[in-house]
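*Asks:* Please see the structure below; I have some questions.
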C-alpha cells in the first residue's frame with residue numbers, strides 16, 4: 079500500500095512537469111495550418127535567415143572541432159600547472175548568460191573600444207557582421223563539444239593508451255590511431271550539440287548581429303523580430319523549423335551516446 | 079621531436095580558444111570604472127530588476143526540485159513502457175532554442191489562444207507577469223536539475239538499494255534514507271545549475287515578460303534594454319553582477335561534483 | 005528453515021540464465037552453490053531473496069510459498085559480493101538499519117548492537133564509515149547487518165571473493181562458527197572449489213543455468229557425475245573409453261582419446277549397468293596415480309602403462325607431473341618426497357582399477373553388494389588388458 | 005637480457021609505494037613478483053616498462069641504463085592485467101599494431117602474423133573484435149601482440165587473475181612453453197602463491213613497497229624469512245619463542261604466544277647465531293605435523309605435545325585440522341587416509357625439531373657443516389623440553 083502511494087505521488091509530480099513541456103509545444107503546433115506554414119517559406123527574407131543561420135552554425139561547428147578537440151585532449155590526458163583554472167575557464171561559457179557574452183563581444187569589437195577601432199581602421203568589421211555572429215556562437219556553443227569530447231577521451235581505458243606507447247607508438251600516433259577512433263562517437267555527439275546550440279542561440283547573437291535582414295538576421299533573430307512586430311505566422315514557421323532541427327539533433331545525440339557505451343565498456 | 083611538435087600544435091590550438099573566451103571578458107571588465115559601477119546600483123529600476131530576477135529564479139529552483147527529483151528518480155530506477163519517449167521529452171528543452179520556448183508559451187497563454195482567453199476570463203493573467211516568467215524559466219532550466227539528479231541516482235550502487243529492500247525497507251523508506259542522502263550532492267549541483275540558467279535566461283523570458291520595468295523586467299531583459307538604448311553603463315553593471323553569480327555557481331557546482339565522486343565510488 | 009526451489013526458470017533478453025532448477029536445502033544445512041562466473045549463481049540467490057522475479061517456478065521457505073512476497077517479508081538475509089554497505093552511514097547505523105526499519109526503540113537497538121559489536125570486535129569502529137574499513141571489516145559489518153534482523157535463511161553471494169588469502173581464512177572460520185551456533189540454513193555462493201569443499205555440508209554445481217550435481221564434498225570430489233564437474237573439482241584426466249569386456253568385478257575398457265597414437269586397454273571396476281561396446285567417459289584422480297622407475301619390476305595387480313614424463317611443475321609440497329602416454333597427456337600429483345625422476349624419463353604409471361571413475365551420473369553408483377570389494381583384481385582378465393609395450 | 009633495479013623509490017601524493025627497491029633478474033630467468041594487492045607490484049612493473057617514472061633510482065636492462073628512455077625504446081613487452089586490447093581493432097590489427105608502428109611492410113606483417121596465428125590457433129578469430137573473444141583468447145592476443153615486436157624482456161602483470169581455473173591451467177602451460185622456447189627474461193606478477201610456486205625460477209615477495217625475500221620457490225616455501233612471507237605462503241603457525249638453552253645441534257625454545265595459558269618448551273635445530281635469552285619467531289609447516297591417538301605410545305625422538313582437536317575442514321584429499329594447545333591454535337594438514345580422530349578428541353602432536361624454522365632472515369640459514377644432520381635428536385636435552393603434561 080505504502081509503495082503504491084509513493085509511486086502514485088512520484089508519477090503525479092513528474093506528470094506536472096511533462097504537462098509543462100507538452101502544452102506549449104501543442105499550442106505551437108496547432109497555432110497555424112500546414113498550408114499557411116508552407117507559404118511562409120516562400121518569403122525571401124525567411125529563406126535568407128535560414129541560409130545565414132546554417133552558414134554561421136556550421137562554421138561554428140568546424141571551428142569548435144579544430145580548436146575544441148585539442149583542448150579536450152589536453153584536459154583529458156595531461157597534467158600541468160593551472161589545469162584547474164583552464165578547466166573552469168572552459169566551463170564558464172556554459173554557465174554564463176549568453177546575453178552577457180554578447181555584451182562583452184560588443185564592448186570588445188565595437189567602434190568605441192580601442193581594439194574595435196584598430197580593426198575597423200584596417201577595414202575589418204567584426205561587429206554587425208557574420209564573423210561577429212560566428213564568434214558569439216562559438217563562445218557560447220563551443221564548450222559543449224569540448225565537454226563531450228573530453229568525456230569520451232576520459233572514458234578510454236588508460237591501459238590501452240599505455241599499451242600503445244609500450245608498443246613503441248609516438249604520442250601523435252596513439253592520438254590518431256587509438257584515441258580519435260575510440261572517442262569518435264563522443265566527438266560526433268559534441269558536434270551535434272554544438273550545432274543545435276549555435277543554431278538556436280539568441281542572446282549573444284542579438285547583441286552583436288544588429289538584425290540587418292538579409293545580412294545578419296539569423297533564424298532566432300527573425301523569430302523575435304516577427305513576433306515583436308506581430309507577424310506571428312512567420313515567427314511560428316521559423317520556430318517549427320528550429321524545433322524539427324533540435325529534435326533531430328537530440329535523437330542523433332542520444333543514439334550516438336547509446337552506441338558509444340558498449341564500445342568504451344568493451345575491454 | 080615529433081612528440082614535442084604534436085604537443086606544441088595541441089597547445090596552440092587550445093590557446094586560440096582560450097583567447098576567444100578571455101578577450102571579451104577582459105573588455106567587459108575594463109569598460110567602466112569601479113566607482114561608476116557602484117553608482118549604477120543606486121538606480122531603483124536596476125534594483126527592482128535584480129529583485130525580480132532573484133524572485134523568479136529562486137521560485138524556479140524550488141519548483142524544479144519538487145517536480146524534477148521525482149522525475150529523476152522515475153527515470154533512474156524504473157522500467158516502464160514509454161520510458162524512451164519520456165526520456166527524450168525531458169531532454170528536449172535542453173536542445174530547444176529558448177526563444178522558441180518563449181514563443182510557444184506566448185501562443186499557449188496569450189489572449190488570442192483559447193486556453194489564454196479561458197484563464198484571462200477567470201482573472202488569471204500568466205502572460206506579461208511573473209508566473210509566466212517562472213514557467214518559461216522552469217521549462218528551459220528545469221531539465222538541468224533532472225539530468226544532474228538522475229545521474230546521481232544512477233551512480234548509486236544498485237546492490238545498496240537491494241540491500242535496503244532485503245532488510246525490509248519500503249520503497250519510500252529506501253528513497254528517503256538511502257537514495258536521497260546519497261544523491262544529495264548531485265541534486266545540489268543540479269539546483270545550482272538550474273538557478274544559474276534561470277537567472278541568465280533571456281530568450282524565453284523576453285517573449286513572455288513584455289519588459290515592463292519594475293514589474294516583469296529581469297536582469298537579462300534590463301541588460302538588453304539598456305544596451306539597445308545606448309545606456310551602456312547600466313547594461314555593463316548588471317552584466318558584471320550576473321557574471322559574478324554565474325562564476326560563483328560554477329565553482330560551487332565543480333566543488334560539489336568533486337565531493338560527490340568519492341562518496342559514490344565508496345563501497 | 006528449509007529452502008526449496010521448484011522448476012525455477014529465468015531469462016534475460018531471451019537468453020536463459022536459469023533453466024528448470026530444482027533444489028532442496030535442509031533446515032540447518034550449510035549448502036554451497038559452486039560454479040564458474042556467469043553460470044547464474046547470483047541470479048539464483050537473487051530469486052531466493054526476492055530481488056529478482058523468476059519467469060516461472062516457485063520458491064518455498066519452511067514449506068511456505070514465498071514467490072509473491074516482497075524481499076523484506078521473506079525473512080531471508082542476503083550478504084552481497086561487494087558488501088553493499090550504506091556509504092553514508094557509519095558502522096553502527098549500517099547495522100541498525102534493518103532494526104530501525106522494523107521500528108525497534110533506539111534503546112533496544114543500542115543494547116542489541118552493543119552485544120554484537122563487542123562479540124565481533126567492531127566496538128572501536130562503530131563510528132567509522134564503510135570506506136575507512138578494511139575488506140574483512142566490511143565483510144563483518146555486512147554479515148552483522150543481516151544477522152541482527154534474525155533471518156531464517158542466510159544467503160552469502162561470493163562473500164570472500166575480494167578478500168586476500170589471510171583474511172579469507174579468518175572470515176571462513178568465523179562463518180563456520182556462526183553457522184554452528186545459529187544453525188541458520190545457509191546458501192553460500194562461490195566459484196572457488198577449495199572454499200566449497202572446506203565449508204559445505206553439501207555442494208551444488210551450477211553450470212550454464214543447470215545444476216549438474218548435488219552432493220556432499222566427499223562424493224563430489226571422488227565421484228563426479230559429469231565431465232564439467234570432474235574438471236571443475238580438479239580432475240583433469242578424462243579418458244574416452246569403450247567397454248571391451250566385463251566380469252563380475254571388473255570391466256576392461258578400451259581407451260581411445262583423440263590424439264592417442266594407439267588405443268590401449270585398462271581395467272576398471274564393473275558396474276551392473278555397463279554393456280559391452282558402450283562408450284563411456286572415465287575420470288582418473290591425479291592423486292591416485294603412482295609412478296615407478298622403468299627398471300623396477302613391481303606389480304600391484306592394477307593398471308600399469310608406460311609413459312614419458314613431459315613436464316613437472318612445483319606446487320608447495322607436491323609436484324604436478326604431466327606424463328605422455330603415446331599422445332595422451334595424463335596428469336598426476338606426486339608428493340615431492342616420492343618423486344625421483346627426470347623430465348623426459350620413461351616411467352611406469354600405476355593405478356588401481358577403482359581409481360577410474362565413470363562419468364555417467366547416478367546409474368554408475370557402486371551397488372550395495374560390491375561396496376567392499378575394492379582392489380580385488382580378477383586374474384581372468386589380466387591377459388586382456390596389459391599394455392606394457 | 006638481465007634486468008636490474010637500483011634503489012627505486014616512488015610515492016603517490018606523499019604516500020610511498022615503492023621504497024628503495026633493488027632487484028636483479030638474470031637473463032632468461034622466469035621471475036615471479038608475488039605480493040598482496042596494493043603492495044606496489046603494478047607500479048614496479050610500470051617503472052620497468054617506462055610508463056611510470058620513478059622518483060629516484062635507475063632501471064638497467066642488459067646493463068644499459070634505460071631510466072630516461074621512453075617506453076617504446078626499452079624493448080620491454082608488457083601484458084596488462086585487463087589485457088588492454090584495442091577495442092576498435094580486430095585480432096589481426098591488434099597484433100599487427102606494434103609492427104605497423106615500426107613501419108614494417110604489410111606483406112611482411114601478413115606473413116609474420118600468419119605464422120603466429122596458426123601456431124596459437126587464433127587463425128579463425130583473426131577478424132573478430134576483442135569484445136567477442138573469451139578471456140583466454142584475449143590473453144593470447146595480448147601476449148602475441150607483445151611477442152611479435154620481439155622484446156628483450158617480457159613483463160606480465162597478473163595475466164591470469166580474470167581467467168577461470170580451467171583456462172588458467174592452459175594459459176599457464178602455454179606460458180611455460182613460450183618461456184622454454186624463447187628464453188625471454190620474464191617478470192610475472194601475481195598475488196596467487198600457487199601460481200608463483202608453479203611458474204617461478206625465483207620469487208620476490210613484495211610487501212608494502214619493500215621486497216621481503218628473493219628466493220627459489222623451494223627455499224621460499226620451506227625457509228621463509230619473515231612472518232609476512234611465512235603467512236603468505238600458507239604457513240599459519242607462528243610461534244613466539246625465547247631461546248632457553250642450546251647445544252651443538254639443538255636449541256630449546258620457550259614458546260610464549262599471546263593467549264597461551266602456560267609457556268611450554270620445544271626443541272629446534274640450533275643455529276650458530278642463537279643466543280640464550282634471545283627472542284625469536286618460529287614457523288611450523290602445517291604439513292610437517294603428525295597426529296597420533298592419545299593412548300598410543302609412540303616416540304619419534306622429536307617434539308611431542310598434547311592438544312585437543314578443535315576443528316576439521318575438508319580440502320580435497322586432505323583435512324585442515326586446528327589443534328588447541330592450551331590456548332594456542334596450531335594448524336595441521338593431514339592426509340585423509342591418516343586421519344582417524346574425532347573433533348574434541350585429545351591427541352599427541354608430533355613434529356621433528358627441524359620442522360621449526362626461525363624467521364630471522366639470512367643469518368638463520370643453516371651453516372654448511374650441519375646441512376646433513378637433520379633429525380638427529382640429542383639425548384642430553386630431552387629432559388628439558390618434554391611437555392607431555
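Protein chains in written order, with our numbering: chain A, 79 to 345; chain B, 79 to 345; chain C, 5 to 393; chain D, 5 to 393. Note that CB positions come from ideal geometry on N, CA and C, so glycine has one too. In this text the structure is predicted, and so the values were computed from the model without any measurement.
1. Tell me, please, whether the CB atom of residue 190 of chain D is closer than 8 Å to any CB atom in chain A?
2. Name the DSSP beta bridge partners of residue 339 of chain C, please?
3. For residue 206 of chain C, write down the residues that DSSP places opposite it in a beta bridge.
4. Given a limit of 8 Å on CB to CB distance, which residues of the stretch 161 to 173 of chain C reach chain B?
5. Looking at chain A, is there any beta carbon in it that lies within less than 8 Å of the beta carbon of residue 268 of chain B?
6. Return helix, strand or coil for residue 120 of chain D, following the three-state DSSP convention.
7. Between D:14, D:107 and D:42, which lies nearest to residue 61 of chain D when the distance is taken from Cα to Cα?
8. Answer yes or no: does any C-beta atom of chain D fall closer than 8 Å to that of residue 198 of chain C?
9. Excluding the five sequence neighbours on either side, which residues of its own chain have a C-beta within less than 8 Å of the C-beta of residue 282 of chain C, listed in chain order?
10. Strictly below 7 Å CB to CB, what residues from chain A border residue 53 of chain D?
11. Using the Cβ count rule (16 or more neighbours within 10 Å means buried), how would you classify residue 251 of chain A?
12. Which one or two residues does DSSP pair with residue 5 of chain C in a beta bridge?
13. Near residue 29 of chain C, what residues of its chain come up, given a Cβ to Cβ distance below 7 Å and the 5 sequence neighbours on each side ignored?
14. Look at the alpha carbon of residue 133 of chain C and the alpha carbon of residue 114 of chain C, and state the distance between them as a whole number of angstroms.
15. Since residue 201 of chain C meets chain D, which of its residues come closer than 9 Å, beta carbon to beta carbon?
16. The stretch 208 to 223 of chain C: which residues have C-beta closer than 8 Å to a C-beta of chain D, in chain order?
17. Got a sec: is the Cβ-Cβ distance from residue 328 of chain A to anything in chain D below 8 Å?
18. Following the continuous alpha helix (DSSP H) through residue 27 of chain D, name the residue where it begins and the one where it ends.
19. Give me the Cα-Cα distance between residue 330 of chain A and residue 168 of chain B, rounded to the nearest whole angstrom.
20. Would you kindly work out how many angstroms separate the C-alpha atoms of residue 204 of chain B and residue 282 of chain B, rounded to a whole number?
21. Name the residue from D:222, D:215, D:105 and D:219 whose alpha carbon lies nearest to the alpha carbon of residue 24 of chain D.
22. Going by beta carbon distance, what residues of the same chain come within less than 7 Å of residue 26 of chain D, once the five residues before and after it are set aside?
23. Looking at the structure shown, is residue 372 of chain D part of a helix, part of a strand, or coil, going by DSSP?
24. Am I right that residue 22 of chain D and residue 320 of chain D are in contact with their C-beta atoms under 8 Å? What's the rounded C-beta distance?
25. Less than 8 Å between CB atoms is the rule here; does residue 153 of chain C satisfy it with respect to chain B?
26. Along chain G, which residues have their Cβ under 8 Å away from the Cβ of residue 109 of chain A?
27. Residue 161 of chain D and residue 85 of chain D: beta carbons closer than 8 Å?
28. Classify residue 173 of chain B: buried if its beta carbon has 16 or more other beta carbons within 10 angstroms, exposed otherwise.
29. Between the alpha carbons of residue 299 of chain D and residue 357 of chain C, how many angstroms are there, rounded?
30. Rounded C-beta distance between residue 223 of chain B and residue 146 of chain B? I'm assuming under 8 Å.
31. How is residue 57 of chain D classed by DSSP in three states: helix, strand or coil?
32. Going by CA-CA distance only, name the one from A:115, A:159, A:110 and A:242 that's closest to residue 97 of chain D.
33. Can you confirm whether residue 7 of chain D, when its beta carbon is compared against all beta carbons of chain C, has any partner nearer than 8 Å?
34. Given residue 53 of chain C, which residues of its chain have a CB within under 8 Å of its CB, disregarding the five upstream and five downstream residues?
35. At what residues does the alpha helix (DSSP H) containing residue 240 of chain B begin and finish?
36. Do residue 264 of chain B and residue 215 of chain B have their beta-carbon atoms positioned less than 8 Å apart in this structure?
*Replies:* Here's the rundown:
1. Against the fourth chain, residue 190 of chain D aligns to sequence position 186. Output row for residue 190 of chain D: interface = no.
2. Locating residue 339 of chain C in the third chain gives position 335, where the first residue counts as 1. Beta-bridge pairing links residue 339 of chain C to C:322.
3. Here the question's residue 206 of chain C lines up with position 202 in the third chain. Residue 206 of chain C pairs with C:35.
4. none
5. Taking the second chain and counting its residues from 1, the one referred to as residue 268 of chain B is at position 190. Judged by the 8 Å Cβ criterion, residue 268 of chain B is not in contact with chain A.
6. The count along the fourth chain starts at 1 and reaches residue 120 of chain D at position 116. DSSP places residue 120 of chain D in helix when its eight states are reduced to three.
7. The residue given as residue 61 of chain D occupies position 57 in the fourth chain. For residue 61 of chain D, the nearest C-alpha among the options comes from D:14.
8. The count along the third chain starts at 1 and reaches residue 198 of chain C at position 194. Yes, because at least one Cβ of chain D sits closer than 8 Å to the Cβ of residue 198 of chain C.
9. Reading the third chain from its first residue, position 278 is the one you call residue 282 of chain C. Closer than 8 Å at the Cβ level, and outside the excluded window around residue 282 of chain C, lie 246 and 247.
10. Counted from its first residue, the fourth chain places residue 53 of chain D at position 49. Correct list: 244.
11. As a working note, residue 251 of chain A is residue 173 in the first chain. Buried: at least 16 other Cβ atoms inside 10 Å.
12. To locate residue 5 of chain C, count along the third chain from 1; it is residue 1. Residue 5 of chain C is not bridged to any residue.
13. Start at 1 with the first residue of the third chain, and residue 29 of chain C comes out as number 25. Within the same chain, residue 29 of chain C has close Cβ partners 6, 7, 35, 189 and 191.
14. The residue labelled residue 133 of chain C in the question sits at position 129 within the third chain. The residue labelled residue 114 of chain C in the question sits at position 110 within the third chain. Going by the C-alpha atoms only, they are around 18 Å apart.
15. Stepping through the third chain from its first residue, residue 201 of chain C is reached at position 197. Those are 317, 318, 319 and 320, listed as they occur along chain D.
16. 221 and 222
17. Residue 328 of chain A sits at position 250 when you count from the first residue of the first chain. No, because no Cβ of chain D sits closer than 8 Å to the Cβ of residue 328 of chain A.
18. Locating residue 27 of chain D in the fourth chain gives position 23, counting from the first residue. Element bounds for residue 27 of chain D: not the alpha helix (DSSP H) but the beta strand (DSSP E), 19 to 29.
19. Reading the first chain from its first residue, position 252 is the one you call residue 330 of chain A. Reading the second chain from its first residue, position 90 is the one you call residue 168 of chain B. Each residue's alpha carbon lies about 16 Å from the other.
20. The sequence position of residue 204 of chain B within the second chain is 126, counting from 1. The sequence position of residue 282 of chain B within the second chain is 204, counting from 1. Using only the alpha carbons, I get a separation of about 14 Å.
21. Counting from one through the fourth chain, the residue named residue 24 of chain D turns up at place 20. Among D:222, D:215, D:105 and D:219, the Cα nearest to that of residue 24 of chain D is on D:215.
22. For this step, residue 26 of chain D is matched to residue 22 along the fourth chain. Cβ neighbours of residue 26 of chain D beyond the five flanking positions: 9, 10 and 11.
23. Residue 372 of chain D sits at position 368 when you count from the first residue of the fourth chain. Unreliable positioning characterises residue 372 of chain D in this predicted model, as indicated by a pLDDT of 49, which lies under 50. The coordinate reading is nonetheless provided below. Helix.
24. Within the fourth chain, the letter at position 18 stands for residue 22 of chain D. Within the fourth chain, the letter at position 316 stands for residue 320 of chain D. Not quite, the Cβ-Cβ distance comes to about 37 Å (not below 8 Å), so this is no contact.
25. Here residue 153 of chain C corresponds to residue number 149 of the third chain, with the count starting at 1. By this cut-off, residue 153 of chain C is an interface position.
26. No chain G appears in this structure, whose protein chains are A, B, C and D.
27. Start at 1 with the first residue of the fourth chain, and residue 161 of chain D comes out as number 157. Start at 1 with the first residue of the fourth chain, and residue 85 of chain D comes out as number 81. Cβ atoms of residue 161 of chain D and residue 85 of chain D: closer than 8 Å.
28. Position 95 of the second chain, counted from the start, is the residue given in the question as residue 173 of chain B. Answer is buried; the Cβ neighbour count reaches 16.
29. For the purposes of this step, residue 299 of chain D is taken as residue 295 along the fourth chain, with counting starting at 1. For the purposes of this step, residue 357 of chain C is taken as residue 353 along the third chain, with counting starting at 1. Answer to the nearest angstrom: the Cα atoms are 36 Å apart.
30. Taking the first residue of the second chain as position 1, residue 223 of chain B is located at position 145. Taking the first residue of the second chain as position 1, residue 146 of chain B is located at position 68. With a Cβ gap of about 4 Å, residue 223 of chain B and residue 146 of chain B count as contacting.
31. Taking the first residue of the fourth chain as position 1, residue 57 of chain D is located at position 53. Coil.
32. Numbered from its first residue, the fourth chain carries residue 97 of chain D at position 93. That would be A:242, whose Cα lies nearest to the Cα of residue 97 of chain D.
33. Mapped onto the fourth chain, residue 7 of chain D falls at position 3. No, residue 7 of chain D lies away from the interface with chain C (no Cβ there is under 8 Å from its Cβ).
34. Within the third chain, numbered from 1, the residue matching residue 53 of chain C stands at position 49. Cβ within range, chain order: 75, 78, 80, 82 and 159.
35. Within the second chain, numbered from 1, the residue matching residue 240 of chain B stands at position 162. Here the alpha helix (DSSP H) through residue 240 of chain B covers 236 to 244.
36. Working through the second chain from its first residue, we reach residue 215 of chain B at position 137. Working through the second chain from its first residue, we reach residue 264 of chain B at position 186. No, they are not a contact pair.
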